[in-house]
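The structure under discussion appears below in the form of structure tokens.
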Amino acid sequence: MSRLESAKELYASVGVDVEAALERLQKVRISMHCWQGDDVLGFENAGGLSGGIATTGNYPGRARNADELMADMDKAFSLIPGKHKINLHASYAITDEKVDRNRLEPKHFVPWVQYAKERGLGLDFNPTLFSHPKAADGLTLSHPDSEIRQFWVEHCKATRKISEYFGIQLGMVSLHNLWIPDGYKNIPADRMLPRRRLKQSLDAIYAEKRDPRYMVDSVESKVFGLGLESYTVGSHEFYMNYAAKNRILCLLDNGHYHPTETVSDKISSMLLFADQLALHVTRPVRWDSDHVVLLEDELKEIAREIVRCDALDRVLIGLDFFDASINRVAAWVIGMRNMQKALLTALLMPHATLTQLQDENRFYELMVLTEALKTYPVGDVWDAFCEQNDVPVRETLLEEVRQYEKEVLLKRV
Ligand code: RNT
Ligand code: ZN
Numbered sequence: 002m003s004r005l006e007s008a009k010e011l012y013a014s015v016g017v018d019v020e021a022a023l024e025r026l027q028k029v030r031i032s033m034h035c036w037q038g039d040d041v042l043g044f045e046n047a048g049g050l051s052g053g054i055a056t057t058g059n060y061p062g063r064a065r066n067a068d069e070l071m072a073d074m075d076k077a078f079s080l081i082p083g084k085h086k087i088n089l090h091a092s093y094a095i096t097d098e099k100v101d102r103n104r105l106e107p108k109h110f111v112p113w114v115q116y117a118k119e120r121g122l123g124l125d126f127n128p129t130l131f132s133h134p135k136a137a138d139g140l141t142l143s144h145p146d147s148e149i150r151q152f153w154v155e156h157c158k159a160t161r162k163i164s165e166y167f168g169i170q171l172g173m174v175s176l177h178n179l180w181i182p183d184g185y186k187n188i189p190a191d192r193m194l195p196r197r198r199l200k201q202s203l204d205a206i207y208a209e210k211r212d213p214r215y216m217v218d219s220v221e222s223k224v225f226g227l228g229l230e231s232y233t234v235g236s237h238e239f240y241m242n243y244a245a246k247n248r249i250l251c252l253l254d255n256g257h258y259h260p261t262e263t264v265s266d267k268i269s270s271m272l273l274f275a276d277q278l279a280l281h282v283t284r285p286v287r288w289d290s291d292h293v294v295l296l297e298d299e300l301k302e303i304a305r306e307i308v309r310c311d312a313l314d315r316v317l318i319g320l321d322f323f324d325a326s327i328n329r330v331a332a333w334v335i336g337m338r339n340m341q342k343a344l345l346t347a348l349l350m351p352h353a354t355l356t357q358l359q360d361e362n363r364f365y366e367l368m369v370l371t372e373a374l375k376t377y378p379v380g381d382v383w384d385a386f387c388e389q390n391d392v393p394v395r396e397t398l399l400e401e402v403r404q405y406e407k408e409v410l411l412k413r414v
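Using our numbering, you'd call the opening residue of the sequence shown number 2 and step up by one each time.
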């Protein structure tokens, strides 16, 4: 009997249908963030990364232009089962003209659409409100200077249009996620004022209606940024209320909360009040460090919550990390595969049975079953999934990464 067959038997004994789980996983698209490939630098040659986020490390082989980034993504996708989406930032426009961010148009992203179309991928999008002279003091949409605020409002209006264009071109909804760095290093004298200005800027941005069949909007909150530790304008409460009132999505980044606060616990509450929810999955090590996503408890809990809430179609999952200290293609592959493994683990649980035990207050029985499931052969099912998708199983992907590093990445000097 094959490993898959024996795993199926075991899972069937607790009422889990392995084939159904595999079929479900096959349909899940995860948004792979382009910015892991080049340390969030983009193609504008604007100088370094700013905005309260930072990459550390100088591992060789960073993608320096669109061709290199696309080639690296191709390599990564060849090692990741399934069909996914790419998450782009506005700073990754592909154009010879010098065009400032408030003047960006769909035409500046045509090669990305071609790339995605040829490969059956989707495209998500983000305005870039950092690494720019007009964001130099850490303020954008809440800036006291109305001209600067206007510049960024124009930028976000432009990117929403581009996001809609992606959706139309690819026949797949594009998520337009807005995150701004705005905050203060020192204690502000007035917390309301910048938030009022942010609210006004957002109202101007979202006043323009876009077709929800092609694009949806989300806003991403944060608790603090590097160098902006005392106050963040776009806090969780700010955006949760803004999103609810204006019927747009919240995006929860699991690096953006207090260290013992978990995103997994927020998912059910958000889903009771909104049709959809967006996530940035990352690994915060002691702070919002954006380490590569590993198969850790909170990741598994996030996946379980999505599956238990029967919300795989309502939660838009994207990754967000940037580790410049290791091979960047490997970083993508590890993070994407771990997200999928976490979802598979969640799909291989008898949720109805477990919920019944909870409702009948049979908690020791719930504990026994939950703990037993932890050593069920999810790896055998995962390997079968990789084989079915024609990608390397387990650590055999390493050889491919090593070879690519030797033949391509290390030659980039
Ligand atoms: C920053 C946010 C944001 C960025 C990307 C590059 O703290 O998490 O999502 O990481 O937009
Ligand atoms: Zn994020």
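For glycine and all other residues, C-beta sits at the position ideal for the given N, C-alpha and C.
Starting from residue i and walking both ways along the alpha helix (DSSP H), at which residues does that stretch end?
i      : result
Ile335 : 329-348
Glu438 : The first residue shown for the chain is 2 and the last is 414, placing residue 438 beyond what the model contains.
Arg208 : Note on residue identity: the sequence assigns Ala, not Arg, to residue 208. Ala208 -> no alpha helix (DSSP H), and no H or E assigned at all.
Leu370 : 364-374
Met241 : 237-247
Ser270 : 265-274
Lys118 : 111-120
Leu358 : 352-360
According to DSSP, is residue i part of a helix, a strand, or is it coil?
i      : result
Cys387 : helix
Ala64  : coil
Glu98  : coil
Arg403 : helix
Asp75  : helix
Met2   : coil
Tyr185 : strand
Tyr93  : helix
Asp381 : helix
Ala13  : helix
Ser7   : helix
Asp38  : One detail in the question is off: residue 38 reads as Gly in this sequence, not Asp. In this structure, Gly38 counts as helix in the three-state DSSP scheme.
Arg315 : coil
Asn88  : strand
Asn59  : coil
Thr233 : strand
Leu411 : helix
Ala137 : coil
Leu280 : strand
Leu398 : helix
Leu320 : strand
Does the beta carbon of residue i fall short of 8 Å from some heavy atom of the ligand RNT?
i      : result
Asp289 : yes
Ile54  : yes
Val220 : no
Thr283 : yes
Lys223 : yes
Trp153 : no
Trp180 : yes
Gly48  : no
Trp36  : yes
Gly226 : yes
Val41  : yes
Phe239 : no
Asn328 : no
His156 : no
His177 : no
His259 : no
His85  : no
His90  : yes
Mind checking which residues open and close the beta strand (DSSP E) that includes residue i?
i      : result
Leu300 : Here Leu300 belongs to no beta strand (DSSP E); instead the alpha helix (DSSP H) covers 298-309.
Ser32  : 32-34
Ser143 : Taken as a continuous stretch (DSSP letters only), Ser143 belongs to no beta strand (DSSP E), as it is neither H nor E.
Val19  : Note, Val19: premise wrong, no beta strand (DSSP E); alpha helix (DSSP H) at 19-27.
Glu221 : 216-221
Asn127 : 123-127
Leu253 : 250-254
Ser175 : 175-179
On a CA-only basis, which of the options is nearest residue i? Give me that one, please.
i      : options                        : result
Ile303 : Met337, Ile268, Ile335         : Ile268
Leu199 : Pro145, Val19, Ala55, Asn255   : Pro145
Asn103 : Asn339, Gly168, Val154         : Val154
Arg25  : Lys186, Asp218, Val308         : Val308
Gly172 : Leu124, Asn187, Glu297, Ser326 : Leu124
Pro182 : Lys99, Phe225, Tyr365, Ser3    : Phe225
Ile249 : Ser51, Met350, Phe274          : Phe274
Arg284 : Leu278, Glu297, Asp276         : Glu297
Gly380 : Met350, Thr346, Glu361         : Thr346
Leu1   : Ile327, Thr356, Leu349         : Nothing about residue 1 can be reported from this structure: the residues present for the chain run from 2 to 414 only.
Asp1   : Ile163, Cys251, Trp180         : Because the chain is modelled from 2 through 414, residue 1 falls outside the range shown and cannot be assessed.
Tyr207 : Lys223, Gly16, Asn178          : Asn178
Pick out every residue whose C-beta is nearer than 5 Å to a heavy atom of the ligand ZN: which are they, in chain order?
Screening all residues for a C-beta within a distance smaller than 5 Å of any heavy atom in the ligand ZN leaves Asp254, His281, Asp321, in chain order.
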